[in-house]
Each structure stands twice: as structure tokens, then as C-alpha cells.
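So our numbering is basically just the index in the sequence shown, starting at one, shifted up by 67.
Glycine included, each C-beta is placed from N, C-alpha and C at the ideal position.
Treat the numbers as computed from the prediction; the structure is a model and nothing was measured.
Remarks on the structure that follows.
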Amino acid sequence: MRCFSLLQLASLCTGLALSGSVLAQQPTVKPTTQKPAAPRATAGKPTTPAKATTAPATGKPVGGAATKGVTATSSAAGAKPTTAPAKSVLVPAKATPAPVKSSAAPTTTKPAAARPSGPPLPANLGSSDPNMRYKNGKVLLDQTRYDLAMQELEPLTRPTAKFERAPEAAYLYAVAASRAKKWVEAEQMLNLVRNEYPQWAGLPEALFLQGQVSFEQNDFDNALKVLSMLPPERLTTERENMKAVYLPRIKDKATFQSLLKTYPREAALGRAYADKLANGGWYTDADKGQLNDLIAQFSLDRTRYTPRPRAQKKSTYNIGVLLPFEFNDPSWEKQRKNQFVTDLYAGMRLAQDSLQREGHPVQLFAYDTGADTLQLKSVLALPEVASMDMLIGPVYKSGSKILARFAQQKQILCVNPLSQDGDLVEDNPWYYLFEPSAETQAKQAAQFAFARLGGPRTAVVFYEDSKDDSSFGEAYKQAYEALGGKVVELRRINSDVEESLSAGFTGVDLKSVGHLVVASDHKKAGPYTFGVMQAQAARPALITYASWLDNNRVGLGQLNARSVYFVQPKFIDKTNLGVRRFRQLYTQRQNLPPSVFAFSGFEMLYYFASQLHQYGPAFQQELANNGPVSGALFQGIGYPAGTHDNQYVPITKMEHLEVEVLNPVGIR
């Protein structure tokens, strides 16, 4: 990772002179309690301090207008800050006995039988009677037991089985696989239907489903090819609706251009590209001719598909920060709970000062969105918010969806500081995640494993029963198998339940697989995994989250001595000069060491504000054309090929009790 430039170091070393901020009256709204989407723990992450950082002070609104914002412009070097640290409240923690480390293997007692849930299973599962298996498969599909349905139906699909309903069984298998998001299995079975049963009366439905499966795998060319095989009168409306949903997900110009050459008369494709050019921030002067041709060819509404004038570069930019500061609740409980918010904002203030000294000034306008969507909506109703050059926030999922829609409607670039939910940036060219999504983390880990790990290219993947971990597990399997590897087992576990852990690892021979993946932050997952490995005398490579480095139930010797690799998006090199200077200056300013949120606040604002000054307020295409680069504090950041979540994910390993990055920027 590169160090700060000399100019950056000079700006940090000369101190951070920030002017006082001004806070207008906030509406009194009773907040609801929601859990923030905090990033996973990383090695060396400081514990949440009880002491509150500096909050914006109350004063006269900017320009004399009554606003709900806080302006935070940088003052001249050496100016005295007008804000004072808030009084801290130290809360004694209850003493708890230290947990006892244990490397013993897990007990091999038979797990308690799981209580049956849902409707009863069909009788005679695995019957030798193909008609019974076919009937059972349909029942299991209706019961949403997709894996069991696939097991019942698969033997009936083979031509050698001579089953009279083989094409129907194959189609139902593909339906079950697609509903389970097992796109590879669904694609393979649908190819079998096309090749082995071309005269089947239900072939149009199979082609329609294969179009969706190909779209889900971002194979847009095959999706359009398969849908074009449908008879003109069959599923016409449905296939056009499908194209309207999936084609806007194409993330780069090159793919659109290639598809338009292959399918020049595809109206849905032409509309989607015209919309990207006119309303998605992709338009340049070189696109004028093609956009006019698309409007004429597909009879598009010229007023809707006329791009807005590209925003001109400015000497300074206004950035709205929409976070749940909870200014109307000064209690120590709320301050302690919201420490991550004040840390995040404090990091941004330091980045603001560095930008000012480099000649790239920005003004921060902080808005208290509270913890409910009503207060966020009231903030978004303010006229000045729609005039911002960029927005940052919020942290809760419901609010993030609202702001994502607002950003797209108003065509204002928006950055979410903490979320790893890739769904937020689906089909939205104006919204970015500062974090890599769970799916991106899984894809990068799978690429690393396939390219860098020796042994057989087989894997067993366990994932915790949560949205992010489920997304990680499914994405890992899809990415690894797309490269040519094989995930022999993909299993969900619940580490809160001992029986679930035991059942999850039951029947898995770790000696026979190339590597093991455990997508879990749970404290019990690490010790249990190492216990199973010890019991089986197996030493497969292991890929997991960096939170295991902070798990006091796992010995450092276990992490250091084995081939254990960590997915660690927030890795911070403590020996880096810029990191050391940031830590020193932050501690001087806040009287606290910086948390990972403070590092995130600095890196996020510094990177995106630099893009504003370099390219102007609509820089999507410029980001798409560039690969990941080294960050000021973190290892890297980048949004190549039209992606909208950070595509660089450090993969680390402990060597001699030091954590090292194995895939630095520029090396894959």
C-alpha cells in the first residue's frame, strides 16, 4: 500500500484546524431502536469508548436561514476550534470471569432430534417408484423444501431412466434450483431439457425460466438469445417485463455496446441504454449521436431521454451528511450507543481539513436523521438537501432505501458509509457503498482460493443463518464453481444452537477437501471448527472472517500455525506512516484513540471528495474506467466496470503473529 503523498503528510502534520459548526433546531421525534449495519470486527479494533467525541455545537444557522443542517467549513491554519469536547460519563463495567480457552475436540454425542417444523414430509421419500418420486417432488416444491425436491426429481430427469414425465421432472427440478438460487444447477438442467426433450410441449416455459437464470448470472447475451427462441405469441408480456427488470443491471458501456451490435432491434435493450446515458450519469459528448439514434429508432420520449447538462467543476463542493446524531437525547446511554456515529463524523472532519490544505475544499452540512424514517423524510423535504453536490448516509437499512430512491430521483451521488447490502445499489447509478458487499467479499475470496490455494479445487462452505452470511455462502459457491472449482457441501448453521453446529459438520470429511470456508462472526464457530479439524486430524486451508482474530476463545497459535486466511475489508497497517499520523492527530483532537469508524469516515470523505474535485459531481463513468487504488488509510478502494460497492477486499494471513495482506492493490 502506498503511503500518503508529501502534500498529504504536510497537511496532516501541520494540524487540523477546523472551524466550529452551527446547528439549527431539530424537530423532536421519538426515535425507534434499530440495529446499525456495523462492519465486521477487524484485528486491533478498539472497543467502543464510553467517552463521547465532539458533537457539532449549537449556533446561528448558515446564511441566517433556519435550516436543520450543520455547516462545518475549514478555517485558516492555526484557528482555534469553537467546539469543546463533550463531558464524558464513565460507566463501570461489571466484572465477568475470563472465558476459558479450550482446544479440545467437540463432543461426538448424537445431536438431539430436531423438532419437526412445517407440513409433514411426503411418504416414501427416495421410492423406487418413479411416479411416487415425481409426486413427492411436486409436494416438496409446494412446501418450499427445494433441496429435497431436487433430490427426489433428479434421478427421473435422465434419458436413461425412460420416465414418461422426464421433461416435466427436469423442469420442476430447475424451478426448485432457481428458487433456492442455485443458478448453476438450474442452468445445467434447463440445457438438458433443451437438448434431450426439444419436442416437449412445455419447452417455452423452460426457455423463459432459462432466460431468468442467465440474467441472474449476468449472462445477458445468453439470456437474450434464449428468450428470442420463444414463439412470438408465447409469454410476450412476461418476457418484456423480465428484460425491463434485468437489462438496467448491466454495469458498463462496453457490454451494452456489444449487445446492441448483436441485438440491434431489441427495444428493451435500446431503452435501457438510453436511460443509462440520459439519467444514469454515463453521457458524454461522444454519445450524442448514438443517443439520438436510439430515441429515433425506438420512438422514445425525447424529453425523458434528454440528458441534463453535465454539472461543471467548482472550486468547492457542498456535502450533506445524514446520520442519526440524536442531538435531542444527551443521555450517556444514547451517547455511548451512538459512539460509532460521532467517530464516523469526527473522521470526516479530519478529512475535510486535509482536503482544505490540499486546495480541495468541501463544506459539510450535518443533518440529524434520528433513528426513524419520519425524521429522515423531513430532512429530505428541505430544499437545500436537493441542491447538495453529494450525500453521505444513513446507517439504518430502512433509511438507506429511502435515500437511495431520493438520490436516483434527484440525480445526486450518495455514499452509504457502513452497509454491506448489495441490494441497495442494484439498478441505481447514483448510489455507492463505501464497503464491499457480502457478495463481493465472497467473490474476491473465491478468486483468491482458486488462484492461490494448492490441493484439490474442492471446498466445503458453512454460513451462519443471517442475510449477509447467507449471501456470502451462496455467492462463494457460485463464484468458485464458475471458475472451475467445486463446492461439495454448502450448509447453513446456527452457532447459537449446539445441535445445529453438530449436525452441520456431521458427515463432512475435511481430509478429502481442498479448503474449508466458514462465514460466521459467532464466538462459538471458531473453537468448534478447530475442534472438528483436530478430531479428524485434518488440516485443510480455512477461509473465514477477520473477526476470528479478536475471538478470545481461539488461541493465536491456532490462527498462526495453520493455513488460515481472513476476509478483512477494514485491514489497517499500523506501521504505515499515514495511519500513524492519523492516529496521533485524532487522539490529540478527541482525547481518544480512533475506532475503525473514525478511519472509515476519513477514508470515505477523502476519496469521494477527491473524485468530486477531479471529475465534478457526476463521476460514475470515471470511476468505472479505473481499477482499485491504494487508499489513504485502508489498503484499497475502487469501483471498476460500473460496480457500485468497493471491489477491493484484502485477504490476510497471520505470519509470526503479524497479519499480512496477501493480495495488495495491483496483485490478484
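Beta-ladder partner(s) of residue i, from DSSP
{"i": "residue 582", "result": "526 and 608"}
{"i": "residue 633", "result": "611 and 719"}
{"i": "residue 387", "result": "432 and 458"}
{"i": "residue 553", "result": "525"}
{"i": "residue 712", "result": "500"}
{"i": "residue 531", "result": "560"}
{"i": "residue 230", "result": "Beta-bridge pairing links residue 230 to no other residue."}
{"i": "residue 696", "result": "704"}
For residue i, the three-state DSSP class (helix, strand or coil)
{"i": "residue 476", "result": "helix"}
{"i": "residue 435", "result": "strand"}
{"i": "residue 731", "result": "coil"}
{"i": "residue 575", "result": "coil"}
{"i": "residue 638", "result": "coil"}
{"i": "residue 482", "result": "strand"}
{"i": "residue 317", "result": "coil"}
{"i": "residue 736", "result": "No information on residue 736 is available, as it lies outside the stretch 68 to 735 that the chain covers here."}
{"i": "residue 621", "result": "coil"}
{"i": "residue 649", "result": "helix"}
{"i": "residue 725", "result": "strand"}
{"i": "residue 309", "result": "helix"}
{"i": "residue 330", "result": "coil"}
{"i": "residue 267", "result": "coil"}
{"i": "residue 654", "result": "helix"}
{"i": "residue 224", "result": "helix"}
Nearest neighbour of residue i, chosen from the options [CA to CA]
{"i": "residue 337", "options": "349, 316 and 362", "result": "362"}
{"i": "residue 415", "options": "473, 430 and 731", "result": "430"}
{"i": "residue 517", "options": "554, 550 and 380", "result": "550"}
{"i": "residue 493", "options": "252, 711 and 447", "result": "711"}
{"i": "residue 691", "options": "678, 592, 395 and 328", "result": "678"}
{"i": "residue 596", "options": "579, 581 and 615", "result": "615"}
{"i": "residue 225", "options": "249, 260 and 192", "result": "260"}
{"i": "residue 291", "options": "282, 298 and 299", "result": "282"}
{"i": "residue 543", "options": "241, 526 and 566", "result": "526"}
{"i": "residue 204", "options": "304, 217 and 196", "result": "217"}
{"i": "residue 557", "options": "613, 585, 307 and 273", "result": "585"}
{"i": "residue 407", "options": "693, 688 and 666", "result": "666"}
{"i": "residue 188", "options": "499, 202 and 297", "result": "202"}
{"i": "residue 308", "options": "285, 319 and 335", "result": "335"}
{"i": "residue 284", "options": "238, 251 and 257", "result": "251"}
{"i": "residue 351", "options": "714, 592 and 687", "result": "687"}
{"i": "residue 385", "options": "427, 359 and 410", "result": "427"}
{"i": "residue 333", "options": "321, 302, 315 and 365", "result": "365"}
{"i": "residue 475", "options": "495, 483 and 457", "result": "495"}
{"i": "residue 617", "options": "468, 592, 643 and 245", "result": "592"}
{"i": "residue 453", "options": "471, 465 and 438", "result": "471"}
{"i": "residue 610", "options": "699, 634 and 424", "result": "634"}
Classification of residue i by the beta-carbon crowding that lies within 10 angstroms, buried from 16 upward
{"i": "residue 118", "result": "Because the pLDDT at residue 118 is just 39, under 50, the model does not fix this residue reliably, and the value given afterwards should be weighed accordingly. So residue 118 ends up on the buried side."}
{"i": "residue 680", "result": "buried"}
{"i": "residue 723", "result": "exposed"}
{"i": "residue 436", "result": "buried"}
{"i": "residue 676", "result": "buried"}
{"i": "residue 645", "result": "buried"}
{"i": "residue 623", "result": "exposed"}
{"i": "residue 519", "result": "exposed"}
{"i": "residue 719", "result": "buried"}
{"i": "residue 670", "result": "buried"}
{"i": "residue 732", "result": "buried"}
{"i": "residue 619", "result": "exposed"}
{"i": "residue 455", "result": "buried"}
{"i": "residue 656", "result": "buried"}
{"i": "residue 398", "result": "exposed"}
{"i": "residue 393", "result": "buried"}
{"i": "residue 235", "result": "buried"}
{"i": "residue 296", "result": "exposed"}
{"i": "residue 391", "result": "buried"}
Whole-number beta carbon distance between residue j and residue i, since they are thought to touch under 8 Å
{"i": "residue 546", "j": "residue 509", "result": "6 Å"}
{"i": "residue 354", "j": "residue 367", "result": "No, residue 354 and residue 367 are not in contact; Cβ-Cβ is about 14 Å, not under 8 Å."}
{"i": "residue 652", "j": "residue 417", "result": "7 Å"}
{"i": "residue 541", "j": "residue 589", "result": "About 19 Å separates the two Cβ atoms, so there is no contact after all."}
{"i": "residue 636", "j": "residue 502", "result": "6 Å"}
{"i": "residue 704", "j": "residue 696", "result": "7 Å"}
{"i": "residue 232", "j": "residue 219", "result": "Not really, about 13 Å apart at Cβ, beyond 8 Å."}
{"i": "residue 434", "j": "residue 389", "result": "5 Å"}
{"i": "residue 485", "j": "residue 462", "result": "5 Å"}
{"i": "residue 621", "j": "residue 660", "result": "With a Cβ gap of about 24 Å, residue 621 and residue 660 do not count as contacting."}
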